[in-house]
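Shown next, in structure tokens, is the structure this report addresses.
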Ligand code: GTP
Ligand code: MG
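Residue numbers (the UniProt record's numbering): 1 to 220.
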């Protein structure tokens, strides 16, 4: 099934739209990417840490408004992949990203710029601009490791090309829905600004179909 496109419109029926957006979740090992996705999609949280190997997938369906259905295909990319050579393959055709760090570990914040650089160097929107990225300061239920104050974070986002930032907790379910909503708003705004055939992210298939040897994720 291909997402995107419009239905209805005839016989006085309101137009309905469906979008399928590929969204990346990236950041250092153990920052909580998988936990954020599990919380967002399945309303579950576990203290148990099991590192993701390669990439994992999840689908979240949003009734965006009365006429619009949004399917988010979430690509949960293992932290250790920054040192691998598969990210170019994983990032392909993504239209949005979360870049996650752990507020209890300053080193994970320092790595945010490396992830963002990796992202911008490997995937762009069809109009040539970077895909919208939202910075996620996760584990805000815990004590911060020094860190930035809100105005420094605003400045960091401006300079680093992030659409915005959110403090989240997968454990206590804080701000995850809000961050996702913000990212989708940004993705939809891009779609409105550049509604060309080329930019029709609906081309993305829900079922990736047979993968070539080159594009096959290492694991899921
Ligand atoms: P990789 O797959 O190795 O890249 O890690 P990841 O980013 O997917 O991290 P994961 O979601 O597996 O979480 C790592 C550890 O942090 C686990 O023990 C989680 O329980 C814990 N954790 C994740 N989110 C939170 C949070 O919001 N608060 C607290 N206190 N712990 C969290
Ligand atoms: Mg993981």
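Ideal Cβ positions, reconstructed from N, Cα and C, are used throughout, including at glycine.
### Message
Closest to residue 122 by C-alpha separation, out of 87, 114, 156, 138, would be which residue?
### Response
Among 87, 114, 156, 138, the Cα nearest to that of residue 122 belongs to 87.
### Query
Would you say residue 87 touches the ligand GTP, meaning its beta carbon is less than 6 Å from a heavy atom?
The ligand GTP never approaches residue 87 closely enough for any of its heavy atoms to be under 6 Å from the residue's Cβ.
### Task
Can you give me the start and stop residues for the alpha helix (DSSP H) that residue 39 sits inside?
33-42 is the extent of the alpha helix (DSSP H) around residue 39.
### Message
Helix, strand or coil, according to DSSP, for residue 197 in the structure here?
### Response
Any reading at residue 197 must be qualified, since the residue scores a pLDDT of 46, below 50, and its modelled position is unreliable; no value is offered.
### Task
Counting only the same chain and skipping the five closest in sequence on each side, list residues whose C-beta sits under 6 Å from that of residue 120.
The answer, listed in chain order, is 130.
### Sub-7 Å separation of residue 160 and residue 116 beta-carbons
Their beta carbons are under 7 Å apart, which means residue 160 touches residue 116 by this criterion.
### Message
Pop quiz: residue 39 and residue 173 are said to be a contact at Cβ under 8 Å. What is the actual Cβ separation, rounded to whole angstroms?
### Response
Rounded, the Cβ-Cβ distance is 6 Å, consistent with contact.
### Query
Who are the Cβ neighbours of residue 171 in its own chain at under 6 Å, not counting the five residues just before and after it?
Excluding sequence positions up to five before and after residue 171, its CB lies within less than 6 Å of the CB of 45, 141, all in the same chain and listed in chain order.
### Message
With a threshold of 7 Å on Cβ separation, who are the neighbours of residue 208 within its own chain once the five nearest residues in sequence on each side are excluded?
### Response
For residue 208, the predicted structure reports a pLDDT of 42, less than 50, and the residue's modelled location is therefore unreliable. A value from the coordinates is still provided. Closer than 7 Å at Cβ, skipping near neighbours: no residue.
### Task
Identify every run of the beta strand (DSSP E) within the stretch 59-129, keeping only runs that are complete inside it and at least 3 residues long; order them along the chain.
Fully enclosed beta strand (DSSP E) runs of 3 or longer: 68-77, 96-102.
#### Entry: Exposed unless 16 or more other CB atoms sit within 10 angstroms - verdict on residue 197
Any reading at residue 197 must be qualified, since the residue scores a pLDDT of 46, below 50, and its modelled position is unreliable; the value itself is stated next. By the 10 Å Cβ count, residue 197 comes out exposed.
### Distance between beta carbons of residue 186 and residue 163, contact taken as under 8 Å
That pair is a contact at about 5 Å.
#### Entry: Proximal residues to residue 91 (C-beta, below 7 Å), its chain only, five neighbours per side dropped
For residue 91, the CB contacts under 7 Å within the same chain, skipping 5 residues up- and downstream, are 24, 119, 122, 123 in chain order.
### Query
Got a sec, what are the start and stop residues for the alpha helix (DSSP H) residue 160 sits in?
That run of the alpha helix (DSSP H) goes 150-160.
### Task
Please check the pair residue 27 and residue 104, which I expect to be a contact at CB under 8 Å, by giving their CB distance rounded to whole angstroms.
No, residue 27 and residue 104 are not in contact; Cβ-Cβ is about 13 Å, not under 8 Å.
### Query
Alpha carbon to alpha carbon, how far is residue 49 from residue 151?
Going by the C-alpha atoms only, they are around 32 Å apart.
### Message
For residue 45, report the span of its beta strand (DSSP E) as first-last.
### Response
First-last for residue 45: undefined, no H or E at that position.
### Message
Suppose you measure from the CA of residue 21 to the CA of residue 73; what does that come to, to the nearest Å?
### Response
When rounded, the distance between both Cα atoms is 6 Å.
### Rounded separation between residue 154 and residue 56 - CA only
CA-CA distance, residue 154 to residue 56, rounds to 30 Å.
### Task
Just the C-alpha distance for residue 69 and residue 62, rounded to the nearest angstrom, thanks.
Distance between the alpha carbons of residue 69 and residue 62 is about 6 Å.
### Query
Is residue 176 buried or exposed, if buried means 16 or more other CB atoms sit within 10 Å of its CB?
With at least 16 other beta carbons inside 10 angstroms of its own, residue 176 counts as buried.
#### Entry: Neighbour-count burial assignment, residue 125, 16 or more Cβ in a 10 Å radius
Here residue 125 is buried, its C-beta having at least 16 other C-beta atoms within 10 Å.
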